[in-house]
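In our numbering, the protein residues as written are 930 to 1129. For each residue, glycine too, the CB sits at the ideal point set by N, CA and C. What follows is a short report on a single structure.
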């Protein structure tokens, strides 16, 4: 029963994040000049994500293939590669949605700041909560669903649970791989943007 409840809780978190997202995008985006700048930021961010995910896809395919091969050896399992793929996919979704809400919330926060710090803080806080709830929600849904699937497949005795835990490590590996690339690539991108702004 608990293995079914956990993914439902994650879905509830994602539903609340969706509601927060729609509330943020309904706020005043500011003047036409503010919207123009925001649109350029969004275009640059999406172009960066597209380039980063294209390179990252090649890395994930190579690692996934290695996990499939190593999964046939003793002490491993081919389903580790499946868990790796799910973790990488969910982490990629989290990065995409996080970038979307960040680029849409920043101009609305700036616009709200024209009326006071309180409204600006509320918009900024709600925008940040969307990212946090999305990351946690996807993680809970992914891990909870995989645990439910694997326990139904392998069983719930002590030996089977050891196998389940071993197989589920692939999820963490996939999610952290994408997060690591995003962290390093994002740092390079923002530094390049700072240098470009200084030159202009």
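The C-beta distance from residue 1099 to residue 1019 rounds to 12 Å, too long to meet the 8 Å contact threshold. Contact check between the segment 993-1012 and the segment 1020-1038: fewer than three CB pairs, one atom from each, fall below 8 Å, which does not count as touching.
The alpha carbon of residue 1035 has as its nearest neighbour, out of 941, 1000, 970, the alpha carbon of 970.
Proximity to residue 997 across 957, 986, 1011 peaks at 1011, based on C-alpha coordinates. According to the DSSP assignment, residue 1048 belongs to the alpha helix (DSSP H) that extends over 1046-1083.
Of the residues 1057, 963, 938, the one whose Cα lies closest to the Cα of residue 952 is 1057. If you draw a straight line from the Cα of residue 1102 to the Cα of residue 1013, it is about 6 Å long. Between the alpha carbons of residue 990 and residue 983 lies a gap of roughly 11 Å. In the structure shown, residue 1042 adopts coil according to DSSP, grouped into three states. Residue burial is scored here from C-beta neighbours: residue 995 has fewer than 16 other C-beta atoms within 10 angstroms and is therefore classed as exposed. Collapsing the DSSP output to three states places residue 1032 in a helix. Here residue 1037 really is in contact with residue 1052; their C-beta atoms are around 5 Å apart, less than 8 Å. For the pair residue 1068 and residue 939, the CB atoms are nearer than the 9 Å cut-off. Listed in chain order, the non-local C-beta contacts of residue 945 below 7 Å within the same chain comprise 1062, local neighbours out to five positions each way being set aside. Collapsing the DSSP output to three states places residue 1005 in coil.
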